[in-house]
Amino acid sequence: MSERQKSGRRAFLLINFLFFGPLALAVFIYATGGWRPGGSTENGELLWPPVTIPDITLQPASDNNPRKHLRDVWNLLYTGPGDCDDSCKNRLIDMRQMRLTFGKDANRLQLVFLADSGSVDRSYITAEHPALLVAEPENTGAQLAVLEEYAAGDLYLVDPQGNVILKYPSDMPIADVRKDIKKLLKFCLLYT
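Residue numbers (the working numbering): 12 to 203.
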């Protein structure tokens with residue numbers, strides 16, 4: 012074999028090594044479990060497969076004309092008794108304040124109170140949360156049945172098609188909820 016052939020063979024092997032070497036190393040590391048990409052980045056519990064919540068006619072607390080729905084906009088649902096105790100009031104305030112931080116995107120997120128029992132304290136809701144959409148217990152059975160194992164104070168994020176995609180337990184800080192919603196609103200703005 013001539014020197015020229017040896018040089019050509021070395022160049023061929025070097026080029027192949029430079030291309031296939033990193034690929035083989037990556038496959039080896041991934042297959043042996045030495046490194047795997049991190050899981051999800053959301054703070055809430057991902058509901059997979061997502062469940063579709065039945066649509067419902069809602070009314071703003073300050074209005075007696077039902078006219079809002081759970082479709083065509085992102086929804087953050089609060090579940091709990093209608094006679095809102097202190098923890099409920101604090102969570103509703105957190106939700107309202109969080110929504111306001113989205114500025115011009117705030118109108119892309121509806122806040123919804125799905126009451127599961129009792130009667131909704133309309134005087135409090137109207138005074139403190141006029142934009143909050145309210146569903147009385149006699150109208151929320153189908154929606155709460157879809158949520159299955161919910162607890163008072165849980166939050167659920169519902170996409171514009173009515174799919175419940177994330178659940179946030181009542182003890183989750185609202186800042187973590189905000190991070191997830193901010194990412195989703197930003198991502199969805201890019202693809203709408």
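Note that the Cβ used here is the ideal one computed from N, Cα and C, for glycine as well. Please read all numbers here as calculations on a predicted model, not as lab measurements.
The beta carbons of SER181 and ARG107 sit no closer together than 8 Å. From the listed residues PRO171, LEU36, LYS193, the smallest Cα separation to PRO61 is found for PRO171. Excluding the 5 residues flanking it on each side, ARG119 has same chain C-beta neighbours closer than 7 Å at VAL84, TRP85, LEU196, in chain order. With 16 or more other Cβ atoms from the protein chains shown falling within 10 Å of its own Cβ, LEU143 counts as buried. With a cutoff of 8 Å on beta-carbon distance, VAL169 and MET109 are scored as not near each other. Counting C-beta pairs closer than 8 Å gives three or more between the segment 121-129 and the segment 86-95, which meets the contact rule. Ranked by Cα distance from ASP165, the options ASP105, LYS194, SER13, GLY129 are led by ASP105. The three-state secondary structure of GLN172, taken from DSSP, is coil.
For VAL175, the closest of SER18, ILE185, ALA156, THR43 by C-alpha to C-alpha distance is ALA156.
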